[in-house]
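**Student:** Residue numbers (numbering that gives the first Met the number 0): 0 to 143. Mind looking over this structure? Questions follow.
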Amino acid sequence: MPRNLSRVESCYLKRIYASTVEDGKQITSGDLAKIFNVRIPSAIDVLNKLEKKMYIKKEKYGYITLTQAGCEVAIELLHAHRVFEVFLVNSLKMKSNEACKVADYVDHILDKDVITRLCAYLNKPMKCCHNRTIIHVGCGAKSK
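Have a look at this one:
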């Protein structure tokens, strides 16, 4: 996982990817402020940090898009998040919303090898507990 991201920054990247790529919707700083229940200036602060790291671009009319690097990092974060969610729900019998919250706290710091091993242990799950697709780009996990 990229070590230069805070938990909040990783949550923003995951949300931007889910909204723009998976759901095909445009997203603004105001949208993100509502989603994360923060004031718009707080959301803009996080977005400025992500822009400085070259993970996002601020487009015309306030829309936020991911750069190629941002997209790659978001996919890696979502892979870790969703695989860990599946583990928490299937193996530890956590409720899906609780598993999602726990995954948000650790997905950005989990070692890639740990996620690859969990992914293999879970037989490369294709969907998370929220029925979102798990992308296995560069995962390296072998199915059982």
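Don't be surprised by glycine CBs; every beta carbon is placed ideally from N, CA and C.
So what's K126 in DSSP terms, helix, strand or just coil?
**Tutor:** The answer is strand: DSSP assigns K126 an E or B state.
**Student:** Please report the straight-line C-alpha distance between S95 and C128, rounded to a whole angstrom.
**Tutor:** Roughly 6 angstroms between the two C-alpha positions.
**Student:** Since S9 and H135 are thought to touch, with beta carbons under 8 angstroms apart, how far apart are those beta carbons, to the nearest angstrom?
**Tutor:** In fact, because the Cβ distance is near 19 angstroms, the residues do not count as touching under 8 angstroms.
**Student:** Using three-state DSSP, classify K56 as helix, strand or coil.
**Tutor:** K56 falls in the strand class under three-state DSSP.
**Student:** Quick check: the Cα distance between C118 and V82, rounded to an integer number of angstroms?
**Tutor:** When rounded, the distance between both Cα atoms is 6 angstroms.
**Student:** To the nearest angstrom, report how far apart A42 and T132 are at their CA atoms.
**Tutor:** Whole-angstrom Cα-Cα distance: 27 angstroms.
**Student:** In the DSSP assignment, find the alpha helix (DSSP H) that holds T115 and state where it starts and stops.
**Tutor:** Start and end: 111-120.
**Student:** In terms of residue numbering, what span does the beta strand (DSSP E) encompassing I146 cover?
**Tutor:** Missing from the structure shown is residue 146; the chain here goes from 0 to 143 and no further.
**Student:** Kindly indicate which residue of V105, L109, L65, R116 has the alpha-carbon position closest to the one of E21.
**Tutor:** Ranking V105, L109, L65, R116 by Cα distance to E21 puts L65 first.
**Student:** Specify, as a first and last residue, the run of the alpha helix (DSSP H) that V7 falls within.
**Tutor:** Residues 6-16.
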